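Report on one structure; see the data block that follows.
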Amino acid sequence: MTYKKTTAVIFEKPGALELREASLRAPAANECLIESDWSGISTGTERLMLTGQMPPFPGLGYPLVPGYETTGRVIETPKGSKISKGARVFVPGGVGFTDAKNLFGGSARHVICPADRVVPINDDLAQDGVLLALAATARHALRRCEAVGPPQLIVGHGVLGQLVARLTESLYGQSPVVWETNPQRRISKGNYRVCDIENDERRDYGVVCDVSGSANALNQMISRCRPGATVVMAGFYSSAVTFDFPPAFMREINLLVSAEWQPQDLQEAAELASNGKLDLTDLITDVLPATQAESAYNRAFNDNSCLKMVIDWRSI
């Protein structure tokens with residue numbers, strides 16, 4: 016039974032995107048209804064879903080509502096909930112659409128989400144709050160390598176790479192080296208150095224964090240590691256990841272995979288952003304109204320100067 020109509024981004028089928036009306040069921044006893052202000056576009060998972068290249072994933076199907084980086088205000092809340100009406104919150108996706116798959120259900124003017132997944136945030140985070148999912152991903156990647164120490168080398172200086180670097184400086188007081196192939200993305204707000212691999216002569220890295228998502232980057236990293244080094248793979252790789260075995264064998268490289276963030280990571284990321292220990296500024300480069308959703312996705316996926324695209328829902 017339809018409880019509410021709202022406007023949502025719909026991936027109708029691979030290669031087809033529309034902004035149209037969608038149906039929401041009534042919130043369950045443990046769920047909030049949120050009116051979205053902003054939502055981020057993921058150039059990793061959402062690109063794969065829109066192109067039809069997403070590997071088999073629970074809940075995958077078409078039509079679907081993408082998005083798991085939403086901020087807005089609570090307009091309905093469960094009885095007895097600690098979350099109050101009117102609170103600004105981060106929402107890691109929605110669950111309430113009845114005429115489209117909810118994977119991940121966050122790119123809409125209204126979304127339904129279990130109250131225990133909704134994270135209250137400071138008003139001053141505003142649109143920067145959409146970055147909390149990536150910040151949680153970065154925190155999880157650092158947690159994966161805690162036994163061996165923070166990364167000395169980060170591969171990739173997109174939003175995730177910058178968040179890993181900023182957290183490394185904030186939490187551990189250490190400045191990593193970052194490799195980035197795109198000259199437009201070599202500007203750093205921190206004390207860490209960003210360079211092309213050809214301008215880095217170091218060959219004794221002990222902990223490396225790869226967020227590039229490039230299946231071909233592993234050999235380059237391994238060639239610059241000391242014996243016994245650890246490589247944390249924190250990107251999303253849509254193709255087979257291969258590497259030359261002899262160099263890894265001679266160095267006895269440890270490979271760790273960092274998967275989806277956990278609630279602890281999201282909560283900690285939100286706290287760090289709220290208390291100023293994690294700087295989220297200057298990571299969002301583009302904001303377009305929801306009425307230009309198709310242009311927003313095209314720019315996010317195809318323009319290298321676009322670091323992070325955000326959709327503004329407030330005029331819908």
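In the numbering used here, the protein residues as written are 16 to 331.
Here a beta-carbon is modelled for each residue, glycine too, at the ideal position from N, C-alpha and C.
None of these values were measured; they are calculated from a predicted model.
Inter-residue spacing [alpha-carbon to alpha-carbon] between residue i and residue j
i	j	result
residue 317	residue 311	10 Å
residue 259	residue 319	30 Å
residue 277	residue 187	21 Å
residue 123	residue 116	13 Å
residue 180	residue 190	7 Å
residue 252	residue 57	14 Å
residue 371	residue 267	Since the first residue of the chain shown is 16 and the last is 331, residue 371 is not available in this structure.
residue 118	residue 39	14 Å
residue 128	residue 272	28 Å
residue 254	residue 110	29 Å
residue 95	residue 184	39 Å
residue 97	residue 235	49 Å
Backbone secondary structure at residue i - three-state DSSP
i	result
residue 105	strand
residue 308	helix
residue 297	coil
residue 4	Summary: the structure shown does not reach residue 4, with the chain confined to residues 16 through 331, and so no result is reported for it.
residue 220	strand
residue 327	strand
residue 110	coil
First and last residue of the uninterrupted beta strand (DSSP E) at residue i
i	result
residue 50	46-55
residue 22	19-28
residue 87	85-91
residue 37	31-39
CA nearest to the CA of residue i, picked from the options
i	options	result
residue 140	298, 315, 115	298
residue 305	59, 125, 166, 195	125
residue 86	133, 60, 226, 95	133
residue 308	82, 18, 45, 44	82
residue 269	242, 108, 203	242
residue 171	245, 233, 53	233
Limits of the alpha helix (DSSP H) - the one that residue i falls within
i	result
residue 237	233-238
residue 152	147-159
residue 289	278-289
Beta-carbon contacts of residue i that lie in its chain and below 6 Å, excluding the five residues immediately before and after
i	result
residue 49	87, 89, 106, 126
residue 142	53, 325
Cutoff 8 Å; reference residue i; Cβ partners in own chain excluding five residues on either side
i	result
residue 35	22, 23, 25
residue 221	163, 164, 167, 240, 241, 243, 244, 245
Own chain partners of residue i with C-beta closer than 7 Å, once the 5 adjacent residues on each side are dropped
i	result
residue 149	174, 175, 178
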